[in-house]
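Sequence order for the protein chains is A and B.
For the first sequence, the working numbering begins at 1 and goes up steadily by one.
For the second sequence, the working numbering begins at 336 and goes up steadily by one.
A virtual CB, placed ideally from N, CA and C, is assigned to each residue, including glycine.
First the structure, in the form of structure tokens, and then the observations on it.
Number of protein chains: 2
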Amino acid sequence: MPQSRSAPTLDVIGIGNAIVDVMAPAADEQIEALGMARGGMMLVDTQRARELYDVMGPAREVSGGSAANTLAGLAALGANCAFIGQVAEDQLGEVFAHDIRAGGIAFDTPARPGEPPTARCLIFVSPDGQRTMNTYLGASQYLPADALDEARIADAAILYLEGYLWDPEEPRAAMRKAIAAAKGAGREVAFTLSDGFVIERHGADFNAMIETGDVDILFANENELAALTGESDFEAGLAQLAPKVAILVVTRSERGAVALSRGKRAYVLAEPVNAVVDTTGAGDLFAAGFLFGHSQGKSLAHCLKLGAVCAAEIISHYGARPEANLKALAAEKLG
Amino acid sequence: MPQSRSAPTLDVIGIGNAIVDVMAPAADEQIEALGMARGGMMLVDTQRARELYDVMGPAREVSGGSAANTLAGLAALGANCAFIGQVAEDQLGEVFAHDIRAGGIAFDTPARPGEPPTARCLIFVSPDGQRTMNTYLGASQYLPADALDEARIADAAILYLEGYLWDPEEPRAAMRKAIAAAKGAGREVAFTLSDGFVIERHGADFNAMIETGDVDILFANENELAALTGESDFEAGLAQLAPKVAILVVTRSERGAVALSRGKRAYVLAEPVNAVVDTTGAGDLFAAGFLFGHSQGKSLAHCLKLGAVCAAEIISHYGARPEANLKALAAEKLG
Numbered sequence: 001m002p003q004s005r006s007a008p009t010l011d012v013i014g015i016g017n018a019i020v021d022v023m024a025p026a027a028d029e030q031i032e033a034l035g036m037a038r039g040g041m042m043l044v045d046t047q048r049a050r051e052l053y054d055v056m057g058p059a060r061e062v063s064g065g066s067a068a069n070t071l072a073g074l075a076a077l078g079a080n081c082a083f084i085g086q087v088a089e090d091q092l093g094e095v096f097a098h099d100i101r102a103g104g105i106a107f108d109t110p111a112r113p114g115e116p117p118t119a120r121c122l123i124f125v126s127p128d129g130q131r132t133m134n135t136y137l138g139a140s141q142y143l144p145a146d147a148l149d150e151a152r153i154a155d156a157a158i159l160y161l162e163g164y165l166w167d168p169e170e171p172r173a174a175m176r177k178a179i180a181a182a183k184g185a186g187r188e189v190a191f192t193l194s195d196g197f198v199i200e201r202h203g204a205d206f207n208a209m210i211e212t213g214d215v216d217i218l219f220a221n222e223n224e225l226a227a228l229t230g231e232s233d234f235e236a237g238l239a240q241l242a243p244k245v246a247i248l249v250v251t252r253s254e255r256g257a258v259a260l261s262r263g264k265r266a267y268v269l270a271e272p273v274n275a276v277v278d279t280t281g282a283g284d285l286f287a288a289g290f291l292f293g294h295s296q297g298k299s300l301a302h303c304l305k306l307g308a309v310c311a312a313e314i315i316s317h318y319g320a321r322p323e324a325n326l327k328a329l330a331a332e333k334l335g
Numbered sequence: 336m337p338q339s340r341s342a343p344t345l346d347v348i349g350i351g352n353a354i355v356d357v358m359a360p361a362a363d364e365q366i367e368a369l370g371m372a373r374g375g376m377m378l379v380d381t382q383r384a385r386e387l388y389d390v391m392g393p394a395r396e397v398s399g400g401s402a403a404n405t406l407a408g409l410a411a412l413g414a415n416c417a418f419i420g421q422v423a424e425d426q427l428g429e430v431f432a433h434d435i436r437a438g439g440i441a442f443d444t445p446a447r448p449g450e451p452p453t454a455r456c457l458i459f460v461s462p463d464g465q466r467t468m469n470t471y472l473g474a475s476q477y478l479p480a481d482a483l484d485e486a487r488i489a490d491a492a493i494l495y496l497e498g499y500l501w502d503p504e505e506p507r508a509a510m511r512k513a514i515a516a517a518k519g520a521g522r523e524v525a526f527t528l529s530d531g532f533v534i535e536r537h538g539a540d541f542n543a544m545i546e547t548g549d550v551d552i553l554f555a556n557e558n559e560l561a562a563l564t565g566e567s568d569f570e571a572g573l574a575q576l577a578p579k580v581a582i583l584v585v586t587r588s589e590r591g592a593v594a595l596s597r598g599k600r601a602y603v604l605a606e607p608v609n610a611v612v613d614t615t616g617a618g619d620l621f622a623a624g625f626l627f628g629h630s631q632g633k634s635l636a637h638c639l640k641l642g643a644v645c646a647a648e649i650i651s652h653y654g655a656r657p658e659a660n661l662k663a664l665a666a667e668k669l670g
């Protein structure tokens, strides 16, 4: 790995889908009747998005997108961040751009004129807080590789990428270009596997990236670990994957999370919450807390604990962007 | 008053601004520095809306509009409702239309093509839950009188109107036409005064409507009562206004509410809440509960209690549309 040329200005630069979440409570029977996989993410076209929206209950809109949520958490904790993602020149695009900038995150990707509109994710939230997502990618899938400012990527300590964005072709090329820029500058690349179905489609790509050392910090939940490694046994999956990355972080919902790094291992229990309202963004905010700790040079155990604190905040309300003062919360819980 | 020609099909038909609320927490110092009157509603133009949105924190969007919120509450309680209001043919217009229809409310006003866009209300929410609103009326101010279906208005037991909509000229004409249709069919007209500044601009109109018997049920808060009557003394204000309407309902925030009808009087205390998160919609949902009780032929005391229960639900979360199951809540609290 080449040495960093100079100290980076940004803590984290992220590339991800630029999405507005549209959320409504739903009964599990409705989710099943609509043919959705409870807890999963499906890509939907215009027609299906229209059908699902028509049967959805009264909803609320909050900016989302996996990497964008993580950056919102990082910025709220005090990190200096930038985001790259594609919105359309429309009202939902303005909402997304407003919310990310209002969170203190630099966001300069120009809005894309014309069709398709800004991406949205129709989220059916079950009574137990489980979220089932239907993503209409819209403009987000047209993030062009030339939207990347390679100098800026080289100027961030960590490049953060979401697996979801591997589906569409143009952003995939953009992410490969970003990885090259980050690695060329001696920066760290953090990657989240995002979803089991994404791994079904792109697992070979992900494994190749991991084998070649393109990924320093890998985030997965236990289902994604199994899907990527082909190991149904949790420990066997960890044993296969951990040696290939500098840090492997695996979340296990209410059973907490584990991190492995160069032979060391740390655990955290899930942070208790009064009531799980909406699990959307739990993984994204866990990543935010972990990466913030990491950017501050903290121990694996500290990073995990901060991840758990941030995840607990996000699942206690609707929406995947933090509502509480995360900085104060972190100080209270971690001192 | 002429007799009703036949039993109405609808419980309530409402005419109001078709608005999407854009809400973010704010410090009182910021609200003051921006020149807003804490707790009030100001109309803003495109330029001012842009400036305010630029300095607003990360926000969330929930459909709003005073009368529309009231109908959402009424429908959630089990009333059969219809709404008339003007959205533009844009994404926020789709959001508004979706949310009101998904709440089970008939909404057929065609979207208006071209500029201006759908109305939005930029709401700065103080740490104590007080809301300060900046309304960009957009398409909402162009509700044409010919958008009204007079037969449908005549087919609703109650016509519900918001004072906010008195500002723009076209909807004012539409509301006058609607009142004539309702009174001609022997229906009740319910009116909410909405805001002190609206009364400053249109108090003479409101007083004239009340004097001529166009208003059967009048909703006000204590500031609005004082503004309309010119009486700073609460009891003097009640004494002046109550004889002119069949029912006068005056809300007093945390001090509860009072209703007066044909010489009778009833009170309710504010329903206790764990934490006041956002007072947006408190008056709207109070009106929903009261009107639902009234539509069921309940006593003044029952109507007030149901109003207080609905208001307590709405101020315990962000947004002015109910999140809890109001029907179950009403059954629990009123039996």
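Next on the checklist: Please identify, using Cβ separations under 7 Å, the residues of the segment 411 to 445 of chain B that lie next to chain A, in order along the chain.
Outcome noted: D425, Q426, L427, V430, H433, D434, A437 and G438
Item to check | Cβ-based neighbour list, E61 of chain A, same chain, cut-off 6 Å, excluding 5 preceding and 5 following | outcome: As a position in the first sequence, residue 61 of chain A is number 61, starting the count at 1. So the qualifying residues of the chain are V20 and V22.
Checklist entry - What's the gap between the Cα of D278 of chain A and the Cα of L573 of chain B? => result The sequence position of residue 278 of chain A within the first sequence is 278, counting from 1. The sequence position of residue 573 of chain B within the second sequence is 238, counting from 1. Distance between the alpha carbons of D278 of chain A and L573 of chain B is about 45 Å.
Checklist entry - Going by beta carbon distance, what residues of the same chain come within less than 6 Å of F459 of chain B, once the five residues before and after it are set aside? => result Counted from its first residue, the second sequence places residue 459 of chain B at position 124. Only A361, I366 and T467 meet the Cβ criterion.
Checklist entry - Looking at the structure shown, is P657 of chain B part of a helix, part of a strand, or coil, going by DSSP? => result Sequence index remark: in the second sequence, residue 657 of chain B carries index 322 (1-based). In this structure, P657 of chain B counts as coil in the three-state DSSP scheme.
Next on the checklist: I'd like to know whether the C-beta of E51 of chain A is nearer than 7 Å to at least one C-beta of chain B.
Outcome noted: What you label residue 51 of chain A is simply residue 51 of the first sequence in a count that begins at 1. Output row for E51 of chain A: interface = no.
Checklist entry - Quick one: what does DSSP say A27 of chain A is sitting in, helix, strand or coil? => result Within the first sequence, residue 27 of chain A is the residue found at index 27, counting from 1. Coil, per DSSP.
Checklist entry - Can you list, in chain order, the residues of its chain whose CB lies under 8 Å from that of H652 of chain B, leaving out five sequence neighbours each side? => result Within the second sequence, numbered from 1, the residue matching residue 652 of chain B stands at position 317. Result list for H652 of chain B: V612, D613 and E658, in chain order.
Checklist entry - Could you give the uninterrupted runs of the alpha helix (DSSP H) lying entirely in the segment 76 to 139 of chain A, keeping only those of 4 residues or more? => result 91 to 102
Item to check | Best match in A:A79, A:F96, A:S6 and A:C81 for proximity to V87 of chain A [C-alpha to C-alpha] | outcome: Here residue 87 of chain A corresponds to residue number 87 of the first sequence, with the count starting at 1. It is A:F96.
Checklist entry - Would a check of beta-carbon distances place P462 of chain B closer than 7 Å to chain A? => result One-based indexing of the second sequence puts residue 462 of chain B at position 127. No, no contact with chain A.
Next on the checklist: Am I right that A577 of chain B and V584 of chain B are in contact with their C-beta atoms under 8 Å? What's the rounded C-beta distance?
Outcome noted: Taking the second sequence and counting its residues from 1, the one referred to as residue 577 of chain B is at position 242. Taking the second sequence and counting its residues from 1, the one referred to as residue 584 of chain B is at position 249. Not a contact, Cβ separation roughly 10 Å.
Item to check | Partner residues on chain B for G57 of chain A, Cβ-Cβ distance less than 7 Å | outcome: As a working note, residue 57 of chain A is residue 57 in the first sequence. Per Cβ cutoff of 7 Å: A437.
Checklist entry - With 16 other CB atoms within 10 Å as the buried threshold, where does G632 of chain B fall? => result Along the second sequence, read from residue 1 onward, the residue named residue 632 of chain B stands at position 297. Exposed.
Next on the checklist: Threshold first: 3 residues or longer. Then list the beta strand (DSSP E) segments lying entirely within the segment 228 to 310 of chain A, N to C.
Outcome noted: 247 to 251, 257 to 261 and 264 to 268
Checklist entry - Quick one: what does DSSP say N209 of chain A is sitting in, helix, strand or coil? => result Within the first sequence, residue 209 of chain A is the residue found at index 209, counting from 1. The amino acid at residue 209 of chain A is misidentified as Asn; the sequence shows Met. Three-state DSSP puts M209 of chain A in a helix.
Checklist entry - When the cut-off is 7 Å and only beta carbons count, does E667 of chain B lie next to chain A? => result The residue given as residue 667 of chain B occupies position 332 in the second sequence. It does not; no Cβ of chain A falls within 7 Å.
Checklist entry - If you count every other CB in all the chains shown that lies within 10 Å of the CB of E224 of chain A, and 16 or more means buried, which is it? => result Translated into the one-based positions of the first sequence, residue 224 of chain A becomes position 224. Classification for E224 of chain A: buried.
Checklist entry - For G103 of chain A, which residues of its own chain have a beta-carbon under 6 Å away from its beta-carbon, when the five flanking residues on both sides are left out? => result Reading the first sequence from its first residue, position 103 is the one you call residue 103 of chain A. Closer than 6 Å at the Cβ level, and outside the excluded window around G103 of chain A, lie A72 and A75.
Checklist entry - Once you ignore the five residues that flank A555 of chain B on each side, which residues in its own chain have a CB closer than 6 Å to its CB? => result Stepping through the second sequence from its first residue, residue 555 of chain B is reached at position 220. The answer, listed in chain order, is L528 and V585.
Checklist entry - For R395 of chain B and chain A, any beta-carbon pair shorter than 7 Å? => result Here the question's residue 395 of chain B lines up with position 60 in the second sequence. Yes, R395 of chain B counts as interfacial toward chain A.
Checklist entry - Which residues, in chain order, does the segment 643 to 663 of chain B contribute to contact with chain A at a C-beta distance below 9 Å? => result H652, Y653, G654, R656, P657 and E658
Checklist entry - Going by other Cβ atoms of all chains shown within 10 Å of its Cβ, with 16 needed for buried, is G618 of chain B buried or exposed? => result Position 283 of the second sequence, counting from 1, holds the residue named residue 618 of chain B. Per the 10 Å Cβ criterion, buried.
Item to check | Three-state class that DSSP yields for M376 of chain B in the structure shown | outcome: Within the second sequence, numbered from 1, the residue matching residue 376 of chain B stands at position 41. If DSSP states are grouped into helix, strand and coil, M376 of chain B belongs with the strands.
Checklist entry - What residues are listed by DSSP as bridge partners for S343 of chain A? => result Residue 343 of chain A lies beyond the range of chain A shown here (1 to 335); nothing can be said about it.
Checklist entry - If you draw a straight line from the C-alpha of R262 of chain A to the C-alpha of A7 of chain A, how long is it? => result Your numbering for residue 262 of chain A matches position 262 in the first sequence. Your numbering for residue 7 of chain A matches position 7 in the first sequence. C-alpha separation (whole angstroms): 24 Å.
Checklist entry - Measuring CB to CB, does A185 of chain A end up less than 7 Å from A157 of chain A? => result Position 185 of the first sequence, counted from the start, is the residue given in the question as residue 185 of chain A. Position 157 of the first sequence, counted from the start, is the residue given in the question as residue 157 of chain A. Not in contact: A185 of chain A and A157 of chain A (Cβ atoms no closer than 7 Å).
Checklist entry - From the DSSP output, which residues share a beta bridge with E188 of chain A? => result Taking the first sequence and counting its residues from 1, one reaches residue 188 of chain A at position 188. DSSP, once it has assigned bridges, lists A:I158 as partnering E188 of chain A.
Item to check | C-alpha gap between A622 of chain B and G349 of chain B, whole angstroms | outcome: By one-based count along the second sequence, residue 622 of chain B stands at place 287. By one-based count along the second sequence, residue 349 of chain B stands at place 14. Whole-angstrom Cα-Cα distance: 12 Å.
Checklist entry - Since A220 of chain A is in the beta strand (DSSP E), which residue starts that stretch and which ends it? => result By 1-based counting over the first sequence, the position of residue 220 of chain A is 220. Counting along the chain, the beta strand (DSSP E) containing A220 of chain A begins and ends at I217 to N221.
Item to check | Sequence-distant residues of the same chain with beta carbon closer than 8 Å to V390 of chain B, five excluded per side | outcome: On the second sequence, residue 390 of chain B is found 55 positions in, with the first residue counted as 1. Same-chain partners within the cutoff: Q365 and L369.
Item to check | Near-chain A residues of the segment 497 to 511 of chain B (beta-carbon distance less than 7 Å), N- to C-terminal order | outcome: none
Next on the checklist: Does L193 of chain A come out as helix, strand or coil in the three-state DSSP assignment?
Outcome noted: Counting from 1 along the first sequence, the entry for residue 193 of chain A is found at position 193. DSSP places L193 of chain A in coil when its eight states are reduced to three.
Checklist entry - Taking any Cβ of chain A, which residues in the segment 570 to 592 of chain B have a Cβ under 8 Å from it, in chain order? => result none
Checklist entry - Residue range of the alpha helix (DSSP H) that L10 of chain A falls in? => result By one-based count along the first sequence, residue 10 of chain A stands at place 10. Where L10 of chain A is concerned, there is no enclosing alpha helix (DSSP H), although the beta strand (DSSP E) it sits in stretches over L10 to I15.
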